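Beneath this line is the structure, given in structure tokens, with notes to follow.
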Amino acid sequence: MLNRFRQFWTTIISPIANLLLRLGVSADAVTLVGTFGVCAGALVFFPRGELWIGCLVITAFVFSDLIDGYMARKSGTSSKWGSYLDSTLDRLGDGAIFGGLVLFYSRTGDDIMSGIALWALVMGATTSYARAKAESLGLHASGGLAERADRLVAVLVIAFFADVLDLPILLKIVLSLLAIASTITVVQRTLSVHAQVKAERAASSGAEADAEPDTPTA
């Protein structure tokens, strides 16, 4: 859903990206620094209960996901390696964010919310894997109720305000909804892939039937 705003944010960050290019900074370097910043913000501040600080740090670095892509396209250095590195480190950053929340709830003794945060982490990773696996098979499994950008924006915005306003119930509600939405997204993508496979089989069977020679009659 939030991917529709990608062009807007690209326009906003383009001056920064252009400056980094003039300074000789590579897109891969931005990817690495951004991931380190996201992981540090989540795993240092979230477990200590300093959610609003962690959200600010993460937000400052999460824009590297747009900056590095723009830099690669602008400099003509887009490559399979860059795409692989970016996607892999994105998963690492996502895991750190939800893992930090797991540690936060675990340290406060809230085992139920710790489990919900863990489930949201697992389903988020499975959502991404479902798409990657489908594409490796020549199929499509994008879209769904809760894509990556939706999950990140929801958890960061609500975690920030839940801490600032001292309304922890807000984060509990959103995490629970994200866990459910991510599960639904996995199911949606799985059903989509299953339908595509069935359609391919039907088309293949139809082609084979058309190719069979007519049986001569006496």
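Taken in order, the sequence shown gives residues 5 to 222; the numbers are from our numbering.
Idealized CB from N, CA, C, for every residue including glycine.
Keep in mind it's a predicted model, so treat the numbers as computed, not measured.
| Item | Value |
| --- | --- |
| F50 - DSSP class collapsed to helix/strand/coil | coil |
| Residues near K202 in its chain [Cβ-Cβ closer than 8 Å; skip 5 each side] | none |
| Continuous alpha helix (DSSP H) stretch holding A44: start and end | A31 to A44 |
| Supposed close pair L55, D167 - CB separation, criterion 8 Å | 4 Å |
| E139 classed as buried or exposed, judged by whether at least 16 other C-beta atoms fall within 10 angstroms | exposed |
| Which of helix, strand or coil DSSP assigns to D154 | helix |
| Enclosing alpha helix (DSSP H) for G119 [first to last residue] | D115 to S140 |
| C-beta neighbour in chain C for L23, strict 8 Å | The structure shown contains no chain C; it is built from a single protein chain. |
| Own chain partners of M5 with C-beta closer than 6 Å, once the 5 adjacent residues on each side are dropped | Residue confidence for M5 is low, a pLDDT of 46 falling below 50, so the modelled location carries little weight and cannot support an answer. |
| Residue closest to D114, alpha-carbon to alpha-carbon, out of K176, L182, I20 and N22 | K176 |
| Integer Cβ distance of D90 from G73, believed to fall under 8 Å | 7 Å |
| Rounded straight-line distance, which links the Cα of V106 to that of T130 | 17 Å |
| Where A76 sits in the DSSP three-state scheme | helix |
| Buried/exposed call for I16, threshold 16 Cβ in 10 Å | exposed |
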